[in-house]
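Protein chains in written order, with this note's numbering: chain A, 310 to 421; chain B, 293 to 406.
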């Protein structure tokens, strides 16, 4: 079945460092891909999405490109801030699907 | 403000005592869903609803019930809670009949069953 695999956390970086959180997926069709962010004590918020191959989603300085050839959707940011500390979830779904499939989440901590 | 509202935020209860977690959205969304979040397991879908009076099981429905009598509300019912239902629960909604465009999540309900 379809699944999402994320890199294990926690990931700890210094402020202004470059961030990459890896995400790969297994899918039987052509899903839409998402990154969600969960700040402490809050629900998940949609960070960015891409609906087809080679699309790039971007928001708040974060970017991710839908790579069909490598079945990946890695999250990147050029310069992280302390306020980016959160748990990040990669996810996929189909337009006709009844649910979104989430990865297990990657906790990111940024040191001042 | 467009939002999904869950209540309560925190709940401690005893085994076997029926409880209901409420979920309400003010965006006129057709699709609503319940997930539970457990360490190392990510989010797993419990139940979902594509419209009023239309509900179906997700991946982990055992021990839970839902109802969708009105478009805005989608309560989660635990008839006889057990300790393995201790978890963080999220309600989510989406504009489309499915989750395709992405979800709006509530702030979560942390449930402890002792």
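Every residue, glycine too, gets a C-beta built ideally from N, C-alpha and C. What you are looking at is a predicted structure, and each value in this text was computed from that prediction instead of being measured.
Is residue i helix, strand or coil by DSSP?
i                     : result
residue 374 (chain B) : coil
residue 394 (chain A) : coil
residue 310 (chain B) : coil
residue 359 (chain B) : coil
For residue i, tell me which candidate among the options has the shortest Cα-Cα distance.
i                     : options                       : result
residue 354 (chain B) : B:312, B:374 and B:323        : B:374
residue 385 (chain B) : B:360, B:317, B:346 and B:356 : B:317
residue 299 (chain B) : B:293, B:311, B:307 and B:306 : B:311
residue 356 (chain A) : A:319, A:322, A:350 and A:342 : A:342
residue 350 (chain B) : B:343, B:359, B:362 and B:339 : B:339
residue 405 (chain B) : B:379, B:398, B:363 and B:387 : B:379
residue 397 (chain B) : A:315, A:350 and A:403        : A:350
Provide the residue span of the beta strand (DSSP E) that contains residue i, from first to last.
i                     : result
residue 299 (chain B) : 296-299
residue 336 (chain B) : 334-343
residue 328 (chain B) : 323-330
residue 409 (chain A) : Residue 409 (chain A) -> no beta strand (DSSP E), and no H or E assigned at all.
residue 364 (chain B) : Where residue 364 (chain B) is concerned, there is no enclosing beta strand (DSSP E), given that its DSSP letter is neither H nor E.
Please say whether residue j and residue i have beta carbons closer to each other than 8 Å?
i                     : j                     : result
residue 339 (chain A) : residue 395 (chain A) : no
residue 398 (chain A) : residue 345 (chain A) : yes
residue 333 (chain B) : residue 356 (chain B) : no
residue 382 (chain B) : residue 400 (chain B) : yes
residue 359 (chain A) : residue 375 (chain A) : yes
With a threshold of 7 Å (Cβ to nearest heavy atom), would residue i be considered close to the ligand PLP?
i                     : result
residue 382 (chain B) : Within the structure as shown, the ligand PLP is missing, as the structure has no ligands at all.
Which runs of the beta strand (DSSP E) spanning at least 3 residues fall entirely within the segment 317-402 of chain A, listed in chain order?
320-323, 328-330, 332-335, 341-347, 353-359, 365-368, 371-374, 384-386 and 395-402
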